[in-house]
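Trainee: Each residue of the sequence shown is one higher than the last, beginning at 391 in our numbering.
C-beta: ideal position from N, C-alpha, C; glycine also.
In this text, all values refer to a predicted model and were calculated from it rather than measured experimentally.
Take this structure first; my questions come after.
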Amino acid sequence: MSSPTADISVQAYESDGVLLEQYAYTAGLVEPIPKHSHEEYQFALSFDHQGEYTYRGEVHQIPVGRLSVVHSGEVHAPSDRPHLSEPAHFAMAHIHPKWLNAIAAEVLDRPSSEPFFSAVLPLDALLNRLFLELSTASTQKSSQLEQDVALWNFLSCLIGRYALEQPAIGSFKSCRKAVVAARDYLGTHYSDDISLDDLAAVAGLSRFHFCRLFQKEIGVSASTYQTQLRLAEARKLLAQGHSISETAIASGFYDQSHFGKHFKRHVGTTPARYTSQIAISS
Numbered sequence: 391m392s393s394p395t396a397d398i399s400v401q402a403y404e405s406d407g408v409l410l411e412q413y414a415y416t417a418g419l420v421e422p423i424p425k426h427s428h429e430e431y432q433f434a435l436s437f438d439h440q441g442e443y444t445y446r447g448e449v450h451q452i453p454v455g456r457l458s459v460v461h462s463g464e465v466h467a468p469s470d471r472p473h474l475s476e477p478a479h480f481a482m483a484h485i486h487p488k489w490l491n492a493i494a495a496e497v498l499d500r501p502s503s504e505p506f507f508s509a510v511l512p513l514d515a516l517l518n519r520l521f522l523e524l525s526t527a528s529t530q531k532s533s534q535l536e537q538d539v540a541l542w543n544f545l546s547c548l549i550g551r552y553a554l555e556q557p558a559i560g561s562f563k564s565c566r567k568a569v570v571a572a573r574d575y576l577g578t579h580y581s582d583d584i585s586l587d588d589l590a591a592v593a594g595l596s597r598f599h600f601c602r603l604f605q606k607e608i609g610v611s612a613s614t615y616q617t618q619l620r621l622a623e624a625r626k627l628l629a630q631g632h633s634i635s636e637t638a639i640a641s642g643f644y645d646q647s648h649f650g651k652h653f654k655r656h657v658g659t660t661p662a663r664y665t666s667q668i669a670i671s672s
């Protein structure tokens with residue numbers, strides 16, 4: 391009796407040259423994908439299944455939890471194994487070279503061509519975490535600022551650590567006045583869908599330097615700071631008797647689900663539980 395064909399489900403999100411995908415395979419027969427190339431850089435991370443692909447003349451075994459990097463325009467092919475013995479789940483990102491060019495120019499502080507990465511399987515826990523944050527931010531209806539910061543954090547880390555051309559060694563000069571201007575702007579516009587471009591312009595800094603300096607001066611990223619401001623306002627609104635749905639929109643969250651996710655993470659309980667406790671104690 392032949393094995394059943396594997397069922398494949400995909401969740402995909404695309405915005406301005408950044409395509410993020412979450413794949414889920416059941417065990418079974420799979421159709422091998424032929425050799426191919428594409429304009430975008432490709433990044434992949436397997437959660438529970440060892441991967442394999444042919445790239446740069448070699449067959450690479452990709453351990454679970456290891457990020458793989460495929461350069462723009464280079465031919466590659468996934469495993470030609472026709473059968474999956476167990477389910478497989480992994481995340482992928484296809485990112486247009488324009489993003490890497492722009493970020494490389496700011497990281498290197500000079501014009502740059504497409505960054506080249508010799509490392510196919512970098513062993514880097516921080517890079518893995520930043521990739522997962524990018525994947526999560528872009529697939530869970532996060533704010534524009536969360537998505538922007540996640541993209542810049544991942545790519546600036548990748549370029550700063552693994553690009554063949556490296557930035558000059560040196561420390562960033564403190565620019566607290568610029569950071570305070572951006573912080574104050576967030577304080578009065580926290581409910582708006584602010585972009586990283588907006589905040590960098592307020593600070594008068596490049597996006598790369600703004601991200602680094604804001605984190606250094608304030609202690610958290612600009613997107614986390616915005617979320618904290620939104621949650622502080624949300625708690626006030628809930629305490630005043632506003633509904634959860636009204637509070638979510640008024641404080642700047644995409645929808646009630648987006649609000650609930652952040653509320654539970656930062657406050658430690660759900661909005662519904664929070665409001666029920668307010669009712670009991672009042």
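Exposed or buried, what is PHE643 when buried is set at 16 or more other beta-carbons lying within 10 Å of its beta-carbon?
Mentor: Looking up residue 643 in the sequence shown gives position 253. Buried, since its Cβ has 16 or more Cβ neighbours within 10 Å.
Trainee: Using C-beta distances below 6 angstroms, list every residue in its chain close to GLU496, excluding the 5 sequence neighbours before and after it, in chain order.
Mentor: The residue you call residue 496 lines up with position 106 of the sequence shown. Closer than 6 angstroms at the Cβ level, and outside the excluded window around GLU496, lie SER596 and PHE598.
Trainee: Near SER666, what residues of its chain come up, given a Cβ to Cβ distance below 7 angstroms and the 5 sequence neighbours on each side ignored?
Mentor: What you label residue 666 is simply residue 276 of the sequence shown in a count that begins at 1. Nothing meets the Cβ criterion.
Trainee: Any chance the segment 491-505 sits against the segment 541-555, with 3 or more Cβ pairs inside 8 angstroms?
Mentor: yes
Trainee: Here's the rule I'm using: 16 or more other beta-carbon atoms within 10 Å means buried, otherwise exposed. How should ILE584 be labelled?
Mentor: Residue numbering aside, residue 584 sits at position 194 when the sequence shown is read from its first letter. Buried: at least 16 other Cβ atoms inside 10 Å.
Trainee: Measure the C-alpha to C-alpha separation of THR444 and SER469 and round it to an integer number of angstroms.
Mentor: Along the sequence shown, one-based indexing puts residue 444 at 54. Along the sequence shown, one-based indexing puts residue 469 at 79. Each residue's Cα considered, the two are about 7 angstroms apart.
Trainee: Would ALA624 and THR637 be called neighbours here (beta carbons separated by less than 8 angstroms)?
Mentor: If you number the sequence shown from 1, residue 624 lands on position 234. If you number the sequence shown from 1, residue 637 lands on position 247. Result yes, Cβ atoms of ALA624 and THR637 sit closer than 8 angstroms.
Trainee: Between ILE580 and LEU589, is the Cβ-Cβ spacing less than 8 angstroms?
Mentor: Here the question's residue 580 lines up with position 190 in the sequence shown. Here the question's residue 589 lines up with position 199 in the sequence shown. In the sequence as presented, Ile is not what sits at residue 580; that position holds Tyr. Against a cut-off of 8 angstroms, the Cβ pair of LEU589 and TYR580 comes out as no contact.
Trainee: Which residue wins for smallest C-alpha separation from GLU504, given the options GLU421, ALA396, TYR431 and GLN646?
Mentor: For the purposes of this step, residue 504 is identified with residue 114 of the sequence shown, where counting begins at 1. The shortest C-alpha separation from GLU504 is found at TYR431.
Trainee: I need the DSSP call for HIS479, collapsed to helix, strand or coil.
Mentor: As a first step, residue 479 is located in the sequence shown; it is residue number 89 there, counting from the start. Three-state result, HIS479: strand.
Trainee: Mind checking which residues open and close the alpha helix (DSSP H) that includes THR416?
Mentor: Looking up residue 416 in the sequence shown gives position 26. Per DSSP, THR416 belongs to no alpha helix (DSSP H) and is neither H nor E.
Trainee: I want to know whether the segment 453-470 touches the segment 402-412 - three or more CB-CB distances under 8 angstroms.
Mentor: no
Trainee: Helix, strand or coil: how does DSSP classify TYR431 here?
Mentor: Within the sequence shown, numbered from 1, the residue matching residue 431 stands at position 41. Of the three classes helix, strand and coil, the one that applies to TYR431 here is strand, per DSSP.
Trainee: By a C-beta neighbour count over all protein chains shown, 10 Å radius and 16 as the cutoff for buried, is ASP538 buried or exposed?
Mentor: Residue 538 sits at position 148 when you count from the first residue of the sequence shown. It is buried - the Cβ of ASP538 has at least 16 other Cβ atoms within 10 Å.
Trainee: In the DSSP output, which residue or residues are listed as bridge partners for HIS450?
Mentor: As a first step, residue 450 must be located in the sequence shown, where it is residue number 60. DSSP lists TYR443 as partners of HIS450.
Trainee: Using a Cβ-Cβ cutoff of less than 8 angstroms, which residues in the same chain neighbour GLY418 once the five nearest sequence positions on both sides are dropped?
Mentor: One-based indexing of the sequence shown puts residue 418 at position 28. Contacts found: SER393, PRO394, THR395, ALA396, ASP397, HIS473 and LEU474.
Trainee: If we ignore side chains and look at the alpha-carbon of each, how far apart do THR659 and GLY447 end up?
Mentor: Here the question's residue 659 lines up with position 269 in the sequence shown. Here the question's residue 447 lines up with position 57 in the sequence shown. Looking at the two C-alpha atoms, the distance is approximately 51 angstroms.
Trainee: Please report the distance separating the alpha-carbon of LEU621 from that of THR578.
Mentor: By 1-based counting over the sequence shown, the position of residue 621 is 231. By 1-based counting over the sequence shown, the position of residue 578 is 188. Taking the straight line from one Cα to the other gives about 14 angstroms.
Trainee: In this structure, what does DSSP give as the bridge partners for GLN401?
Mentor: The residue you call residue 401 lines up with position 11 of the sequence shown. According to DSSP, which records beta bridges pairwise, GLN401 is partnered with GLN412.
Trainee: Between the C-alpha atoms of ALA553 and THR617, what's the straight-line distance to the nearest angstrom?
Mentor: Residue numbering aside, residue 553 sits at position 163 when the sequence shown is read from its first letter. Residue numbering aside, residue 617 sits at position 227 when the sequence shown is read from its first letter. The alpha-carbon atoms of ALA553 and THR617 are separated by roughly 32 angstroms.
Trainee: What residue range does the beta strand (DSSP E) around VAL460 cover?
Mentor: Residue 460 sits at position 70 when you count from the first residue of the sequence shown. VAL460 -> beta strand (DSSP E) spans 457-460.
Trainee: What span of residues does the beta strand (DSSP E) with GLU467 cover, start to end?
Mentor: The residue you call residue 467 lines up with position 77 of the sequence shown. Reading the sequence as shown, one finds Ala at residue 467 and not Glu. That run of the beta strand (DSSP E) goes 466-468.
Trainee: Would VAL465 be called buried (16 or more neighbouring beta carbons within 10 Å of its own) or exposed?
Mentor: On the sequence shown, residue 465 is found 75 positions in, with the first residue counted as 1. Burial call: exposed.
Trainee: From the DSSP output, in three-state form, read off ALA396 for me.
Mentor: Taking the first residue of the sequence shown as position 1, residue 396 is located at position 6. Taken through DSSP and simplified to helix, strand or coil, ALA396 comes out as coil.
Trainee: Please check the pair LYS488 and GLY407, which I expect to be a contact at CB under 8 angstroms, by giving their CB distance rounded to whole angstroms.
Mentor: Taking the first residue of the sequence shown as position 1, residue 488 is located at position 98. Taking the first residue of the sequence shown as position 1, residue 407 is located at position 17. At roughly 6 angstroms, the Cβ-Cβ gap stays under 8 angstroms, so LYS488 and GLY407 are in contact.
Trainee: Using the C-alpha atoms, what's the distance from PHE604 back to ASP582?
Mentor: For the purposes of this step, residue 582 is taken as the residue at position 192 of the sequence shown. For the purposes of this step, residue 604 is taken as the residue at position 214 of the sequence shown. About 19 angstroms.
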